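Residue numbers (our numbering): 982 to 2184. Glycine included, C-beta positions come from ideal geometry on N, C-alpha and C. Remember, it's a predicted structure, so these values are computed and weren't measured experimentally. Single-structure report; data block below.
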């Protein structure tokens, strides 16, 4: 939308004279001179005293490094989404935080008034901290800092000068013996009274410091953003310089590392306490300026096309990192203080003013040149407070001037209004520099500027925008400003996550409410609590009071009034011109296409192709064609969707349960030698081949071969049949994981004890002395409770595949749930798959990181990791090690299965699939490597607890996931939490691979029969049919013989030999028949440069030879599979397994015979014709000449005159 709709700065009538115009001329609202001013202003208001004295204390108090988990979760679910929402609202409307609501949702304009009341309270109260800091700063310019000794007039007989033997005390823990720093604070600075009832006299020195603070704020804000934008170059950057100086000084002090360890040492058990999560939520809202109006006000001075989305992430990263780094600066000094006095850090650590005005000054008094370090510290405190203060003033002034522009946007009226505001705030603030002022400040802080108010306002704000105005509409507005849409996670947060999280946190804080106590000892009188609740509720009540006020002033029924007030003003519309606004003439008929494509990340060739297509459409008369009813094939919404979808497909259960075990079994770190060699010679080349093949042809796993080499179209059928078999069998793992996941939500994990109905007399409950047992090793007569839960409760396993038994209906329901989830993830094609992966492909990484940190903090963890990685080069002499490395590469990279071709086919033609392949391969291998730490740290802990060697507990496959790991988590505190996290990760990893397989099958079918399937809801119906068939066939895997059947599928169908043979065919076809050189040219046409020549050699020689050698070795060492290494399958089961394997591979020769039989001519002529690439492959057009040629070739007819 154009800003001229909202500025309102030309109110004169057209017919007025010049003199009249001058009288009514309004001053310009103003904008930031450049982007840096905006970033510094927002950074200045965000990075404040809360980062310095509150975050480090909360981190240490709430579990050290473990506190970062709830902090980051709240940041992602509430902080960043609300930050973007408020900034975008201001930028889109160019209005402050009151009038912007008139344009979005007039019914909720009260939110704007509420935020301004909160910010006014904060402006009056928090500036007193600057007055204290000024007092300390001035006191630092003395021969001896006055808080270092007891030889001053304000000291008492209880004062004891500190040395290495003193007991620490601070304002939060009074004692009989007091320190000079405490007495300077309480008696010299505050002159604190006995309670809030005794206001006492005014502290005139503090009053003068308060006046100085207000004068500085006035002159920083008096010219609006023109002065504010210049001031922040100093006030927002100099604190960082001071922080770096103090950090460097702190880290060089003795005892600093002890302080930092105390600050960050993770204590995951604290995460069980709900108070930790509430503290994290309140800290995010408080430190990020959420629901205080400042972000909206500052954003309103941006240019309309400023990228506020990117700014949001940059500023949130700066704020979060500043809090984290400040903890190092603070706790390194506290560690030094602890070291000097020989006390635990817990006795010197404090939060709030106790940290800034007692603990830290006391610490610097013990350093050489204490005056220097005190001056640096208090300058930093002053500037941090000043930034927040004058941004609050700017916010208030912006709101008032936007409400009454004709009154205050005139010469010097703004300055006078600001002077009046500062004066009123100064006089109100005098109450806080009395002897009872600190009691009032804590009352303001606890009830008014607290987490509860901000939580409620966040709920109101997200509901008003997400549900009433519309999250999609705000997405459209943001897209209109920045030319692309934000990630879908923001919309989900505004609609569901943020209001739910904030409301839950608010309810918990109300349930856990305790009356405020000063210094944890002084109880306020009743009238003080009443005053606090009144001030706190007053701002929140402005929201419903405003709704009532607006409703009573309107005519009509209540429902009509509500609908009218929920309707945005007509001025909220799109700035972007629509295509129909351009007259159709030769000069501008291509402009809609060019504008639509602008900023979408494509190249010039892409835009030329789009423009050419537009000309082609304009030049053709409309014709009746059934093709007009076809649905588009679709493309990824963004590159991120492609990356996440492929990452989700290849990073699966093999990374978690197979790679770590193979690494430990095959020589530890030495296993990386064959693994890396196979990755370089086979993995990455085949990954590039398949991805580029799909992207170049824009076809799925079957029809892509019809394009490049029709004779080998059977390759596509073989890969899709393998995927179909894999979907049937591996879905049961999801069913098992769901059953374990649901079982985790119980007072006691059901596999912990032997008191359950499924347990036998041989069961032994879990305790630290049990020896582990699992499903892949025969055991003696006694069995563990975990084993009995797995074998008798989950599987109820029969004694052999011959004894099919009954269906396990609980598992069947879990299997059904898996297929329902997969269906809805895929039912709209890449439009739904791409969105689903934002969660399913990323959240497992979050859970893996959580489990990684939990494992690394356990006793015995490093013993397990050593066992995992300790290199044993002698194992490289065993050919089995190399075979395991090769099969793991093919298995974990989903090669020769059609996934990569399918997902690549939805890319833009000019996407850099070559670079993407390297990123994805690095990500996949890195995840495998990291998962080994998460797994073996737990196994090391389990080994130490039970006093057995790790080889007795290490296992691969389902034995690791469903026996060993569940047994390990039962030994941890709060096992339910870790069990739920682990199995949720397993579910998401499995679902990604599952719906990738479904998408591949559906893409192949729709590309083969587009005129039949791409109509109406036929695709959804076919998908439902495929899911139903898979579910029906998969019921055999949830029978009592299901585990036996699963192993047959796994060993014969989705095995190394099958994939190796497919890889040989694939590399020979592309390298020799289609031509490796020709394929390299195709890739160059797509990405603009040639890949490494190594890939051409790999496709032609290295990959087929390596795969052939590995396949030959596998066949020579073939031994029939045995279940549990004991049970021998009947002959018909082996025949069934070989039939499944051969049914997929036989597709290749059978399809060749079918194609050759349809051709005419001699056998050699038929082979040559069938091996020739299709004529409709993309042409290598590298300029407009090629496009024009194709246009003229395709437009032979009377319509050519229109060109």
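In the DSSP assignment, the alpha helix (DSSP H) including residue i goes from what residue to what residue?
i, result
"residue 1051", "1049-1055"
"residue 1707", "1695-1724"
"residue 1742", "Note, residue 1742: premise wrong, no alpha helix (DSSP H); not H, not E."
"residue 1295", "1289-1322"
"residue 1832", "1824-1837"
"residue 1945", "Careful: residue 1945 lies outside any alpha helix (DSSP H) and carries neither H nor E."
"residue 1691", "Taken as a continuous stretch (DSSP letters only), residue 1691 belongs to no alpha helix (DSSP H), as it is neither H nor E."
"residue 2013", "1999-2015"
"residue 2067", "2057-2068"
Using the Cβ count rule (16 or more neighbours within 10 Å means buried), how would you classify residue i?
i, result
"residue 1988", "buried"
"residue 1698", "buried"
"residue 1234", "buried"
"residue 1203", "buried"
"residue 1810", "buried"
"residue 1375", "buried"
"residue 1732", "buried"
"residue 1950", "buried"
"residue 2058", "exposed"
"residue 1382", "buried"
Rounding to the nearest angstrom, what Cα-Cα distance links residue i and residue j in this structure?
i, j, result
"residue 1705", "residue 2011", "8 Å"
"residue 1660", "residue 2072", "17 Å"
"residue 1348", "residue 1069", "47 Å"
"residue 1650", "residue 1448", "53 Å"
"residue 1828", "residue 1918", "15 Å"
"residue 1316", "residue 1013", "43 Å"
"residue 1471", "residue 1255", "25 Å"
"residue 1490", "residue 1436", "10 Å"
"residue 1242", "residue 1270", "29 Å"
"residue 1461", "residue 1058", "24 Å"
"residue 1532", "residue 1023", "36 Å"
"residue 1944", "residue 2145", "58 Å"
"residue 2111", "residue 1898", "43 Å"
"residue 1038", "residue 1308", "8 Å"
"residue 1027", "residue 1268", "6 Å"
"residue 1767", "residue 1793", "21 Å"
"residue 1274", "residue 1513", "22 Å"
"residue 1870", "residue 1877", "11 Å"
"residue 1237", "residue 1047", "21 Å"
"residue 1300", "residue 1247", "22 Å"
"residue 1517", "residue 1523", "11 Å"
"residue 1973", "residue 1903", "19 Å"
What residue from the options has the CA that sits closest to residue i's CA?
i, options, result
"residue 1170", "1539, 1010, 1109", "1109"
"residue 1066", "1193, 1905, 1458, 1977", "1458"
"residue 1493", "2062, 1771, 2047, 1259", "1259"
"residue 1498", "1420, 1464, 1476, 1528", "1420"
"residue 1684", "1398, 1986, 1128", "1986"
"residue 1908", "1838, 1834, 1826, 1363", "1826"
"residue 2075", "1191, 1135, 1378, 1670", "1670"
"residue 1103", "1422, 1879, 1628", "1422"
"residue 1338", "1464, 1411, 1163", "1163"
Relative to the ligand SAM, is the shortest distance from any of its heavy atoms to the C-beta of residue i smaller than 7 Å?
i, result
"residue 1922", "The ligand SAM is not among the ligands present in this structure, which contains no ligands whatsoever."
At least three beta-carbon pairs within less than 8 Å, the region 1202-1216 to the region 1440-1454: no
Cβ pair count under 8 Å reaching 3, the region 1942-1962 against the region 1879-1897: no
Given 8 Å, three or more beta-carbon pairs between the region 2099-2111 and the region 1670-1685: no
The region 1846-1863 touching the region 2007-2021, judged by at least three CB pairs closer than 8 Å: no
The region 1686-1701 contacting the region 1617-1627, beta-carbon criterion three pairs below 8 Å: no
Touching by the beta-carbon criterion (3+ pairs, under 8 Å), the region 2085-2096 and the region 2023-2040: yes
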